[in-house]
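Taking it in order: structure first as structure tokens, then the write-up.
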């Protein structure tokens with residue numbers, strides 16, 4: 006049976022696997038969480054990014070660290086969006102328990 010365009014499907018693993026921790030959905034938006042491998046250093050907190058694809062292609066909407074300080078940095082229209090706390094909670098969940106490809 007063919008999928009309708011509005012039927013969410015299981016996400017494919019990120020093509021290059023470079024730091025991809027997982028994907029989750031809300032409405033038409035697909036959120037993916039990545040660990041920033043290039044900035045990893047044993048003396049600093051891990052850095053992460055959240056990308057959103059709402060039909061216009063994936064783009065970075067937030068950067069955050071594996072510690073409570075500094076605060077997450079939201080970009081563009083996502084600053085002060087009511088979904089931000091929910092998105093960040095899901096992202097921290099993927100940091101703690103990444104999806105497997």
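Residue numbers (the working numbering): 6 to 106.
From the three backbone atoms N, C-alpha and C, an ideal C-beta is built for every residue, glycine too.
For clarity, every value in this text was computed on a predicted model and none was experimentally measured.
Output needed for residue i: all residues of its chain with C-beta closer than 7 Å, excluding positions within five of it in sequence on either side, in chain order.
i	result
residue 64	56, 57
residue 50	70, 71, 72
Is residue i helix, strand or coil by DSSP?
i	result
residue 101	helix
residue 25	strand
residue 96	helix
From which residue to which residue does the beta strand (DSSP E) around residue i run?
i	result
residue 42	Careful: residue 42 lies outside any beta strand (DSSP E) and carries neither H nor E.
residue 84	Taken as a continuous stretch (DSSP letters only), residue 84 belongs to no beta strand (DSSP E), as it is neither H nor E.
residue 74	No beta strand (DSSP E) contains residue 74, which DSSP labels as neither H nor E.
Ignore the nearest five residues each way along the sequence and tell me which others in residue i's own chain have a CB closer than 6 Å to its CB.
i	result
residue 34	57, 59
residue 66	55, 57, 80, 83
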